[in-house]
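Everything on this sheet refers to the single structure shown next.
Protein chains in written order, with the working numbering: chain Y, 1 to 111; chain W, 112 to 223.
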């Protein structure tokens with residue numbers, strides 16, 4: 001499986017935008033980019049996914065570089081409830097049910 | 112809409128025993144996957160079931176097994192428990208193979 005690289009931790013102030021980066025230089029043409037997050041004492045939660053184009057949903061936006069070797073998860077206004085570990089995962093076609101989690105980015109949100 | 116339900120939430124066993132964990136997927140979801148989460152190894156894929164058939168398997172010993180029933184509910188079994196099996200076991204369901212997954216809050220298994 002292609003590997004992703006994320007910063008170990010990031011900090012943000014509440015109500016400010018947060019940009020969580022992910023590098024995936026060995027991504028293949030059919031790999032989707034998935035983001036999950038895990039809040040304390042909970043199971044992971046699906047956030048968003050995309051292939052080539054930028055994607056938006058009610059939780060976040062996903063910006064994918066033109067060469068697809070990196071992507072950025074954007075939380076438009078961080079709240080305390082967004083404090084979690086965020087995982088960037090590459091999924092080949094049909095393998096989104098077999099996720100390979102890395103160590104993720106621990107996001108701290110402060111008042 | 113009810114989420115993924117895992118039972119029990121907490122379990123304590125001793126070495127050498129066996130354990131069965133249960134997972135009820137979201138209604139209508141046919142794919143169920145299992146993961147193990149430990150502080151040292153992080154989240155690791157165990158296996159995936161779809162239409163009562165195991166479709167994918169992770170790199171775990173044969174002591175770890177699972178099954179899926181016709182109503183998509185799934186169980187996983189661990190035999191001859193070892194101290195290193197202490198972990199949070201997470202179940203996830205999706206509508207079909209390749210779809211984003213919805214996770215339960217897990218069963219925390221402690222081995223004494």
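Every residue gets a Cβ at the ideal spot worked out from N, C-alpha and C, and that includes glycine. These numbers come from a predicted model, not from an experiment.
So who's on the other strand from residue i, going by DSSP bridges?
i                      : result
residue 167 of chain W : W:159
residue 23 of chain Y  : Y:5, Y:70
residue 93 of chain Y  : DSSP output for residue 93 of chain Y lists no bridge partner at all.
Using only alpha-carbon positions, find the residue among the options that is nearest to residue i.
i                      : options                    : result
residue 137 of chain W : W:149, W:124, W:117        : W:117
residue 53 of chain Y  : Y:34, Y:20, Y:11           : Y:34
residue 161 of chain W : W:114, W:130, W:204        : W:204
residue 92 of chain Y  : Y:86, Y:57, Y:27           : Y:27
residue 142 of chain W : W:133, W:185, W:152, W:131 : W:185
residue 108 of chain Y : Y:48, Y:3, Y:37            : Y:37
residue 74 of chain Y  : Y:68, Y:47, Y:90, Y:31     : Y:47
residue 6 of chain Y   : Y:88, Y:110, Y:100         : Y:88
Can you grab the Cα-Cα spacing for the pair residue i / residue j, in whole Å?
i                      : j                      : result
residue 115 of chain Y : residue 214 of chain W : Residue coverage of chain Y in this structure runs from 1 to 111, which leaves residue 115 of chain Y outside it and unanswerable.
residue 102 of chain Y : residue 153 of chain W : 7 Å
residue 134 of chain W : residue 115 of chain W : 7 Å
residue 127 of chain W : residue 63 of chain Y  : 49 Å
residue 148 of chain W : residue 84 of chain Y  : 16 Å
residue 119 of chain W : residue 80 of chain Y  : 29 Å
residue 124 of chain W : residue 174 of chain W : 15 Å
residue 129 of chain W : residue 168 of chain W : 20 Å
Quick test of your reading: residue i and residue j, contact by CB under 8 Å. State the CB separation rounded to the nearest angstrom.
i                     : j                      : result
residue 96 of chain Y : residue 210 of chain W : 6 Å
residue 21 of chain Y : residue 70 of chain Y  : 7 Å
Going by the C-beta, is residue i closer than 7 Å to any heavy atom of the ligand SAH?
i                      : result
residue 176 of chain W : This structure simply doesn't include the ligand SAH, nor any ligand for that matter.
Task: Where the stretch 43-61 of chain Y meets chain W: residues whose CB sits under 8 Å from a CB there - done: Within the stretch 43-61 of chain Y, the residues whose Cβ lies closer than 8 Å to some Cβ of chain W are 43, 44, 45, 46, 49, listed in chain order.
TODO: Please list the residues of the stretch 147-161 of chain W that have a C-beta atom closer than 7 Å to any C-beta atom in chain Y, keeping them in chain order.
DONE: If the cut-off is 7 Å between Cβ atoms, the stretch 147-161 of chain W has 153, 154, 156, 159 near chain Y.
- [ ] Compile a chain-ordered list of the residues in the stretch 165-184 of chain W whose CB is closer than 8 Å to at least one CB of chain Y.
- [x] Here the close residues are 166, 167, 169.
- [ ] Give, in chain order, every residue of the stretch 201-217 of chain W whose Cβ lies closer than 7 Å to some Cβ of chain Y.
- [x] Residues of the stretch 201-217 of chain W with a C-beta less than 7 Å from any C-beta of chain Y: 201, 205, 208, 209, 210, 211, 212, 213, 214, 215, 216, 217, listed in chain order.
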